[in-house]
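Below is one structure, written out as structure tokens; the observations come after it.
Chains as they are written, first to last, in the numbering used here: chain P, 1 to 113; chain L, 1001 to 1115.
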């Protein structure tokens, strides 16, 4: 079955540091890939997505590139802010599974001033 | 648009009690989902629906039931609450016109504790 493996946390960075959160996946077909973010006390919201190989999703300074050859979708940001402190989830969705999202376990990011 | 709404926000149940978690969306989405989030475990799919009158099991359906009589509403029923059902429950919806690339929109969650 489908699965998503992402970097274990927690991750603690200083403001303006570079961020990478690794994500790899296993899928039977050709999935769409997502990063969702959960701020404290809130539900999940979409951060970015990519639907085909070599697509780059980007939003709020975050980027991730769909790498089919390495089955990866790593999240990066060049300069994190305190307001980026949240839990980040990598996920995939496949047509063959009725578009259900399969999530990684989440990575807690804390950014200190 | 209110998006996806969930009630209640918090609930404490005793073992063996029953309750219904409410979920509604006003975006005319055909797909709706129920997830549970346990600490350090990501989100697991409980049940989902591809349209009114059609539901199916997800990864962890035991102890839960759902119904979908309208496009807007997708309630989740716990019949005999057990401590293992202590979790945060999220409802989500999407259109899936984009064949898997459509965004799922999440509600704010219901925090349930079973004692």
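Using N, Cα and C, we set each Cβ at its ideal position, and we do this for glycine too.
In the structure shown, the three-state DSSP call for residue 82 of chain P is helix. Per DSSP, residue 76 of chain P is one residue of the beta strand (DSSP E) stretching across 75-77. When the alpha-carbon of residue 38 of chain P is set against those of L:1062, L:1108 and L:1025, the nearest one is in L:1108. Residue 1025 of chain L is outside the set of residues whose beta carbon lies under 8 angstroms from a beta carbon in chain P.
In the displayed model, residue 1018 of chain L falls within coil according to three-state DSSP, outside both helix and strand. Non-local C-beta neighbours of residue 1010 of chain L in its own chain, meaning closer than 6 angstroms and more than five positions away in sequence, comprise 1111, ordered along the chain. Nearest CB-CB separation between residue 1041 of chain L and chain P: below the 8 angstroms threshold. The C-beta distance from residue 1050 of chain L to residue 1064 of chain L rounds to 18 angstroms, too long to fall under 8 angstroms, and the pair is not in contact. DSSP, reduced to helix, strand and coil, places residue 1067 of chain L outside both helices and strands of the structure shown, so it counts as coil. Per DSSP, residue 1088 of chain L is one residue of the beta strand (DSSP E) stretching across 1087-1094.
Under the three-pair Cβ rule at 8 angstroms, the stretch 85-93 of chain P counts as touching the stretch 38-53 of chain P.
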